[in-house]
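Residues in the sequence shown are numbered consecutively from 222, following the numbering used here.
The structure appears below as C-alpha cells.
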Amino acid sequence: MTGDRLASVTERHSHSASQQKTTNDLGSSTLPSLSISPLLNSPRHEKVDRRWTVGAILASSFLSLLGFTMTGPITPALGRYFELEAGASFGSLTSAYPMGMFVGVFIWPALSDRIGRKPVIALSLFGSGLGLTLQSLVIRSDGSLSLFLAMRMLTGLFAGNSPVSKALLADLGFQDGNLPKYLALKDASATAAYVIGPAAGGIMYDLIHRHRTGNAEDMLSSDSLSIVIGVSAAASIVASMAVMLFVKESYAKERWNKKIRNDDTNQDSTPFSLIAATLMGAPSIFIVSFLFNIGDATFHAFFAQLLKHDGHFDAKSIGLVYTFMACISFLMSATSVGSILKNHGPVATCAAGLFIVSTGLLGIGASAFGSSASFAWRWIVAFASLFCSGVSLYGPSIPAMLFQHVEANQRGKILGLDGAINTIGRVIGPILLGGVSSRLGSAAAFASAGLVVLCGSFALRLSHPRVSLKP
222 MTGDRLASVT ERHSHSASQQ KTTNDLGSST LPSLSISPLL NSPRHEKVDR
272 RWTVGAILAS SFLSLLGFTM TGPITPALGR YFELEAGASF GSLTSAYPMG
322 MFVGVFIWPA LSDRIGRKPV IALSLFGSGL GLTLQSLVIR SDGSLSLFLA
372 MRMLTGLFAG NSPVSKALLA DLGFQDGNLP KYLALKDASA TAAYVIGPAA
422 GGIMYDLIHR HRTGNAEDML SSDSLSIVIG VSAAASIVAS MAVMLFVKES
472 YAKERWNKKI RNDDTNQDST PFSLIAATLM GAPSIFIVSF LFNIGDATFH
522 AFFAQLLKHD GHFDAKSIGL VYTFMACISF LMSATSVGSI LKNHGPVATC
572 AAGLFIVSTG LLGIGASAFG SSASFAWRWI VAFASLFCSG VSLYGPSIPA
622 MLFQHVEANQ RGKILGLDGA INTIGRVIGP ILLGGVSSRL GSAAAFASAG
672 LVVLCGSFAL RLSHPRVSLK P
C-alpha cells in the first residue's frame, strides 16, 4: 500500500514537473518552433534535405565548370592577344591558375573540416567569380600579360569548390551507402558543363567577334574575350548563391560534429599524422594523381591550339569538338561509371581509366606526327574522345580510394593534399611538355604525356591493393 501511494505521488510529481517544463518552454520559445522541431529531426525531413543538398552541389559544380569550360575555346585567341608563341610561354596561360590553386587547396578543404562544408564552398565559388571578373576587366582595359596572369593566380587561390564538394558528398555517401553513386553524379555534372560550355563559349566569342570586327580571322577584339570571361564569372557567382540557398548541412551537423569530437579524442589528428598515415596507406595514389595531371593539363593546354593550327578550326568549331567529346564522357559518367566503380572497385577502375587516357594521348600524338592530310583531324578527335572516356573512369576513383584511409573529420584535408599534388603536375606539365612541343612539335608533346600517364597506370596496378567501397 505504501509503495502504491509512493508511486502515485511520484507519478503526480513527474506529471507536474512535465507541465511546468512545458510552460517554461512555451514562455521561452515560440509555438511554431515546438511544432516544427520534431519534423526537422525526422528521417523523412533528413531525406528531403539530403536530396536538396546533393542537387545543389551538383548544380553548383555544373555552373562553376560551365563558366570555366566556356573559356577553353578562346585560349588560342588569348595567346594571340598577348602575342604568345606556342610552347612554354603559351603554357603559362594555363599554368597560372594552378599556381594559385596550389595555395588554395591547403586552405579551403582543411577549413571545411572545422567550420563546415557549405560556407567554404559558397565562399570559394564567389571568390572564383570575383577573380574571373577581374580577368575580364584586365582584358577590357588592355592590361598587361603579367597583370592578367596575376588575376588568374588569384582566381586559382579560391579553387576549393571541387575537393570540398566531394568531401560533403562523402559525408552523405558514407551515411546512406551511396558513395559510388554520388561521386559518379558529381563527375556527370562536371561533364555536363563540358557538353555545353565549350560550344557556348566558342559560339559566343565567334558571334561577338564577327560583330565587332567583321572578320573572325584577321583581327582580334578585346570585347569578345572579356565578355566570354565575364559570363563565366557570372556563372560562378550564381553557383555560390545556389549553395547558400539550397544546401542543407544542418540536419547532419550534430551527428557529424559528434563524430569529429570522438575522432579528436581517440586519435591524433594533426596535419603531420594525417600526412604520415596517408603516405603509409596509399603511396601510389599521390604518384598516380601527379602523373595523370601532367597528361591532363598538357591535353587542355595544347589540344585547342593543335586544332587551331593543324586543323584550321575556328573558335566555334573548337567548341563543338569539345562538346562532342564531353557528350561521350557525360554518357559514361551518368550511366555506367557508378556501377563499374561499385562492382570492380576503385583500383581496377582507376587503372583502366589511366590506360585509356594514355592510349588517347598516344593516339593524338601519332595522328599529329608528320601528317597534314585533311583526314588527320578525324583521328585526332577520335583519340581525344577516347581520352575523355578514360577521364570519366579515373575521376571518381581517386577520392574513393583516399576516403578509405582517413576519418570523417579529415576528408577535406586529404582531398586538399591530393589537390596540392595535382596542382604541381598541372603547373609543370604544360611548361615542361610545352618546351617539348616548341622543340619537337605537338606530336611529341602529346606522345610524352601519354607515356607519363601510362607509367601511372602500371604503378597503380603493381603497388596498390584492391580496396572495397563499402562504408
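C-beta: ideal position from N, C-alpha, C; glycine also.
Since this is a predicted model, take the numbers as computed values, not measurements.
Asked	Found
Candidates V324, Y302 and L344, of which the one nearest S281 by Cα	L344
Exposure label - V269; buried when at least 16 CB within 10 Å	exposed
Beta-carbon proximity of K339 to V468, cut-off 8 Å	yes
Contacts around S684, its chain only, beta-carbon distance under 6 Å, and the 5 residues preceding and following it disregarded	S505
Limits of the unbroken alpha helix (DSSP H) element including P651	R632 to L661
Own chain residues within Cβ distance below 8 Å of I481, not counting five before or after	Only weak support exists for where I481 lies, its pLDDT of 44 falling under 50; the value from the coordinates is given anyway. Counting only Cβ-Cβ distances below 8 Å, and skipping sequence neighbours, we find D334, A629 and N630.
Endpoints, the alpha helix (DSSP H) within which K339 is located	R338 to R361
Beta-carbon contacts of D485 that lie in its chain and below 8 Å, excluding the five residues immediately before and after	Reliability of the predicted coordinates at D485 is poor, the pLDDT of 41 falling under 50, and the value obtained from them is presented with this limitation in mind. Cβ neighbours of D485 beyond the five flanking positions: N630.
Segment contact, 8 Å Cβ cut-off, at least three pairs: the segment 275–293 with the segment 596–606	no
Sufficient close CB pairs (3 or more, under 8 Å) joining the segment 396–415 to the segment 363–374	no
Whether S316 touches I577 by CB criterion (8 Å)	no
Reduced DSSP category for G381 - H, G, I as helix; E, B as strand; rest coil	coil
Option nearest M546 by Cα separation, candidates D535, G581 and S557	G581
Neighbourhood of A597 by C-beta distance below 6 Å, restricted to the same chain and skipping five residues each side	S588
Where T244 falls, given that 16 or more other Cβ within 10 Å makes a residue buried	With a pLDDT of only 41 at T244, under the threshold of 50, the placement of this residue in the model should not be trusted; the figure read from the coordinates follows. Flag for T244 reads exposed.
Cβ pair I342, V385 closer than 8 Å	yes
D535 versus F679: straight-line alpha-carbon distance, rounded	38 Å
Rounded C-alpha distance that separates L279 from G640	19 Å
Residue from V542, D444, A414 and G616 with nearest C-alpha to F513	G616
Rounded C-alpha distance that separates T491 from G451	A caution first: T491 carries a pLDDT of 47, below 50, which makes its placement in the model too unreliable to give a value.
Residue span of the alpha helix (DSSP H) that contains H565, given as start and end	V558 to H565
Status (buried if at least 16 other CB within 10 Å, exposed otherwise) for R632	buried
Between the CA atoms of T354 and I360 - distance to the nearest angstrom	10 Å
Beta-carbon separation (whole angstroms), T544 vs A670, contact threshold 8 Å	At roughly 22 Å, the Cβ-Cβ gap does not stay under 8 Å, so T544 and A670 are not in contact.
Segment contact flag, the segment 412–420 with the segment 375–389, C-beta cutoff 8 Å, min 3 pairs	no
Burial state of D392 (16 or more Cβ within 10 Å)	buried
Between the CA atoms of Y403 and A277 - distance to the nearest angstrom	12 Å
Contact set for V464: own chain, Cβ-Cβ below 7 Å, skip 5 residues either direction	A277, S281, K339, I342, A343 and L346
S362 classed as buried or exposed, judged by whether at least 16 other C-beta atoms fall within 10 angstroms	exposed
Per-residue burial, R272 [other beta carbons within 10 Å of its own, 16 or more giving buried]	exposed
Assigned exposure category for L661 - 16 Cβ within 10 Å defines buried	exposed
Rounded straight-line distance, which links the Cα of P401 to that of S554	11 Å
Cα-Cα separation, G325 to S663	31 Å
Counted within 10 angstroms of its Cβ, other Cβ atoms place L390 as buried (16 or more) or exposed	buried
Where G398 sits in the DSSP three-state scheme	coil
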